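A.B. asks: Sharing a structure with you now.
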Amino acid sequence: MLSRSAEGLYWLGRYLERAQHLSRLLRHQTEALVDRPVEEIHFGWLRIYGSLNRQPPVGSLELLAQDAYSLADSYTLADDLTFEPTNPDSVWSGVASGRENARHVRHCLSAEMWTCLNRTYLRIQGLTIQDIWASTPERFYAETVAEIDTFAGVTAATMYRDEGWRFLNLGRSIERVQLSSALLHAHITAAEGTQDVSEAAWTGLLRLYHALEAYNRTYSLAVEPRQVLDLLATDARLPDSLSRSLDMLSAELAAAAPSPNDEAAGAAQRLMGRMSALVNYAWLDRDDPRSLLRRLNAHGRELHDLVTETYFHYPVHDAPLR
Amino acid sequence: MDFNDYELDGRIYDEMFHADGSARSQYQGVHTALTGTSATDLADIQDQVTGSFSSEGISFKVYGDEEGDERIIPVDCLPRVLSGSEWSELETGLTQRLKALNLFLSDVYGPARIVEDGVIPVDVVRGCPQYRIEMRGFQAPHGVWVAICGTDLVRTNEGFKVLEDNLRVPSGVAYMLANRKAVKASFRRLYRSSRVQDIEHYGRVLLTTLQELAPEGTSDPAIALLTPGVYNSAFYEHMFLAREIGAELVEGRDLLVDDGVVYMRTTAGLRRVDVVYRRIDDDFLDPVVFREDSLLGVPGIMHAYQQGNVTLANAPGTGVADDKSVYAYVPDMIRYYLAEEPVIANVETYLCRNPQGLEYTLDNLQNLVVKRVGESGGYGMLIGPHASPAERHEYAEQVRANPADFISQPTLALSRAPCLIDGGIEPRHVDLRPFVLHGRKTRIVPGAFCRVALRKGSLVVNSSQGGGGKDLWVLEN
């Protein structure tokens, strides 16, 4: 398929994954605003901004004594993360950029996929933080998460399993690895710097990954950070675990077309192997999960560059003619 | 709904009604159905049609429009209906016209007999900015310069007339298909009982046409649709057609020319392209030959074309045949090349480059429509009867300064068709653009993008200027 179309689909996958991931985090965060102690709310914002590696608009995230301040801040922070058009990671930016990429490659999507995505775009387009904050902001995030899930379902049900499908899923899975490694890293960092919220924070993390029941079944009702991390990293039965995302990534990469750039393709395969080994083997012997997550994330960035060189922007002078 | 307040004007042909207020035979079904439909139901139908355009993102872009990057084209849910015999005649006329135009192009870039024989003055042809000197001596594959043509037709009390031939990169066919899809779904029973001729095979016909034009010796030609990109006003259509015909949708940066062969950059390497359905203007096609500042084009593609290694549809240089001055000579071309009388008439046209034409135009500005030769899309024209004396005066100055840039035509009483306006049914002016395809033979899908001037009294149907679309039903015989 045309390199530019493949790249458009790859980015479509990445952007929607990003918008959904952040919507999920914000849903949990806005739910917490209702009844959780202010320390936990503070922890949640620290974790989100940490995982995005972004400076909050209110300057530093100081923990304030009074509830009122923290809630007022929450409004500003949620706006920054949801609708701020200059924030490339905001939910709106993800949906709009995803939809813009989809518009470029619309002829490669099924009609149902486009309609589904376009509806989501049109729904969010006119909204502001006031509109969603007045009643139940978590409902907005839940809807966004559900709509992107629907898009994935419609995609699975209607999209021809050609190269386009591969590149869309390649984008999704690489983004998932990046988001997860960054989130777990930010979680550990934030948890270390915060007292009193530890247990709740780890339970919340399990909920975020739809993993609480699995955890209770596999381990015990006592929440042990180390066991939580093990589950989220290595349990291949968990939809969003690192190990599963890496398996998906590795399968898409292996199935992609023969590349016009053998050198980069080989390097991508080797890097993929190292990334999988980090989680599937090195993880269990680890002393420092944070440094491992950091390495995984850095490898993910390199892999992105290699995929780009392999399929999208390869040098044409010695590319094969077909 | 009733039609008691529906305004009829003897000077203007009404598509639905005879002058005495009875419905024309091809409109009987629609008339009965509308009479039996309540205003609320019609409003629902209109909402449904508009809604489907919005969720499907059937949009276009207006140049110079700051705020909205994409606009949904307004669509009126009431179909315009033509009888099968009306259509057959149009079909004959359109086929005849395109045949003559292709012969004209082969001629003016070849021996130029038509000029030598004094049928068209040499400076009308050579002075035309769309005349591409680079194409001289070139023979288009199979003699086909224009493979895809969108002819603008209007109807007056005197019958159908050709308003304009669009022979470069005509657009609108996606709207023809989208209008049908939406309107058909909303008038289910009426549609079924009306026995409307199908147009959904347009994509297959286009594909066949393009395949027939592939360079000799290519068995399974690779076809690419070349678009200026997502910011072009017709991008939706480019995307839509690429999908309909299973072509890759490429931009200039996706293509490259090596040793006279065109390749596209794919995930598996460079793949040869045999036919390019190009939707970018001549000027931007190849920076080596045409505008060197073009970033949209493909350096070397003209060379590949001239070597016969790739087919471009339409060929570069076709603009000389749809130029507004050359237009005046099309009936003579038909007589000259085909020895036939034109089946569809032209609109009477005065060329300001001729002293008599200039004088007549300036003396009768208040009754004429004056157009700039190089403009399209309804830009740069003066509608005499609707302009203020000051506007006419200012325009006259421009005409006097560069007479060769202007032509004038009588203000036509374009026919009107019923439209749903503010909950009631009112007549609005319409035209139609059927699409004529020519590969080894001419093929026309029985339908058209029917444009409507939604503003009351307006004669401007261009979507960039407040026009909308309508579905056109051609009934079976």
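From first to last, the protein sequence lines stand for chains A and B. Oh and the first sequence: position 51 is 51 in the numbering used here, straight run, nothing missing. Oh and the second sequence: position 262 is 1262 in the numbering used here, straight run, nothing missing. A virtual CB, placed ideally from N, CA and C, is assigned to each residue, including glycine. Fair warning: this is a prediction, and the values are worked out from it, not measured in the lab.
1) Of the residues that make up the segment 1265-1276 of chain B, which ones have a beta carbon closer than 8 Å to any beta carbon in chain A?
2) Counting beta carbon pairs with one atom in the segment 1097-1106 of chain B and one in the segment 1335-1342 of chain B, are three or more of them shorter than 8 Å?
3) What in chain A is Cβ-close to B/Arg1189, meaning under 7 Å?
4) A/Thr86 by DSSP, collapsed to three states: which one?
5) Would A/Val95 pass as a contact of A/Ile124 if the rule is Cβ separation under 7 Å?
6) Is the shortest distance between the beta-carbon of B/Arg1372 and the beta-carbons of chain A less than 7 Å?
7) Comparing the C-beta of B/Leu1226 with each C-beta of chain A, is any distance below 7 Å?
8) For chain B, find out if any of its Cβ atoms is closer than 7 Å to the Cβ of A/Met272; answer yes or no.
9) With DSSP collapsed to three states, give me the class of B/Phe1187.
10) Any contact of the segment 1183-1193 of chain B with the segment 1433-1448 of chain B, i.e. 3+ C-beta pairs under 8 Å?
11) Is the Cβ-Cβ distance between B/Ile1425 and B/Ser1325 less than 7 Å?
12) Taking CB distances under 7 Å as the criterion, tell me whether A/Thr115 reaches chain B.
13) Taking a contact to mean a Cβ-Cβ separation below 7 Å, would you say B/Leu1225 touches B/Leu1249 in this structure?
14) Going along chain B, which residues have a C-beta under 7 Å from A/His107?
15) Restricting to runs no shorter than 3 residues, where is the beta strand (DSSP E) found entirely within the segment 1431-1466 of chain B?
16) In this structure, does DSSP put B/Thr1035 in helix, strand or coil?
17) By how many angstroms is the C-alpha of B/Phe1240 removed from the C-alpha of A/Ala267?
18) Using 10 angstroms around the beta-carbon of B/Asn1402, count the other beta-carbons present and answer buried if the total reaches 16, otherwise exposed.
19) Measure the C-alpha to C-alpha separation of B/Val1320 and B/Leu1210 and round it to an integer number of angstroms.
20) Using beta carbons (cut-off 7 Å, strictly below), is A/Ala255 in contact with chain B?
21) Does chain B have any CB closer than 7 Å to the CB of A/His104?
22) Taking the continuous alpha helix (DSSP H) assigned at A/Cys116, which residues delimit it?
23) Helix, strand or coil: how does DSSP classify B/Asp1198 here?
24) Round the Cβ separation of B/Val1369 and B/Thr1411 to the nearest angstrom and send it over; I've been treating them as touching at under 8 Å.
25) Taking buried to mean at least 16 other C-beta atoms within 10 Å of its own C-beta, is A/Pro320 buried or exposed?
26) If you count every other CB in all the chains shown that lies within 10 Å of the CB of A/Asp196, and 16 or more means buried, which is it?
27) Here's a check: name, in chain order, each residue in its chain whose Cβ is nearer than 7 Å to the Cβ of A/His104, leaving out the five neighbours to either side.
28) Based on the DSSP secondary-structure assignment, which residues constitute the bridge partners of B/Ala1410?
29) A/Tyr311 to A/Leu117, Cα distance in whole Å?
30) Count the C-beta pairs between the segment 168-176 of chain A and the segment 249-256 of chain A that are closer than 8 Å, then say yes if the count reaches three, no if not.
31) Quick one: grab the DSSP three-state call for A/Arg244.
32) Keeping to the same chain, check which residues put their C-beta closer than 8 Å to that of A/Ala78; ignore five residues upstream and five downstream.
33) Nearest to B/Val957 by CA position, among B/Gly1137, B/Gly1093 and B/Ser1085, is which residue?
34) What's the C-alpha gap between A/Arg176 and B/Gly1269?
35) Would you mind sorting B/Pro1228 into buried or exposed? The rule is 16 or more other CB atoms within 10 Å of its CB.
36) Would you tell me roughly how many angstroms separate the C-alpha atoms of A/His317 and B/Val1144, rounded to the nearest one?
C.D. replies: According to the structure data:
1) Arg1265, Thr1266, Thr1267, Ala1268, Gly1269, Leu1270, Arg1271 and Arg1272
2) yes
3) Under the 7 Å cutoff, chain A gives no residues; its nearest Cβ is about 25 Å from B/Arg1189.
4) coil
5) yes
6) no
7) no
8) no
9) coil
10) no
11) no
12) yes
13) yes
14) Met1239, Ala1242, Arg1243 and Leu1249
15) Within the segment 1431-1466 of chain B, the complete beta strand (DSSP E) runs of at least 3 residues are 1435-1438, 1442-1444 and 1449-1453.
16) B/Thr1035 falls in the helix class under three-state DSSP.
17) 38 Å
18) exposed
19) When rounded, the distance between both Cα atoms is 22 Å.
20) Closer than 7 Å: no.
21) A/His104 counts as touching chain B.
22) Ala111 to Gln125
23) coil
24) Between B/Val1369 and B/Thr1411, the beta carbon gap of about 5 Å places them in contact (Cβ cut-off 8 Å).
25) With a threshold of 16 other beta carbon atoms within 10 Å, A/Pro320 falls short and is exposed.
26) Exposed, because fewer than 16 other Cβ atoms sit within 10 Å of the Cβ of A/Asp196.
27) Gly8
28) For the sequence presented, residue 1410 of chain B should be read as Pro rather than Ala. Paired residues: B/Leu1368.
29) 26 Å
30) yes
31) helix
32) Leu26, Gln29, Thr30, Ile129, Trp133 and Pro137
33) Missing from the structure shown is residue 957 of chain B; chain B here goes from 1001 to 1477 and no further.
34) Separation of A/Arg176 and B/Gly1269 (C-alpha to C-alpha, rounded to the nearest whole angstrom) is 28 Å.
35) So B/Pro1228 counts as buried.
36) 34 Å
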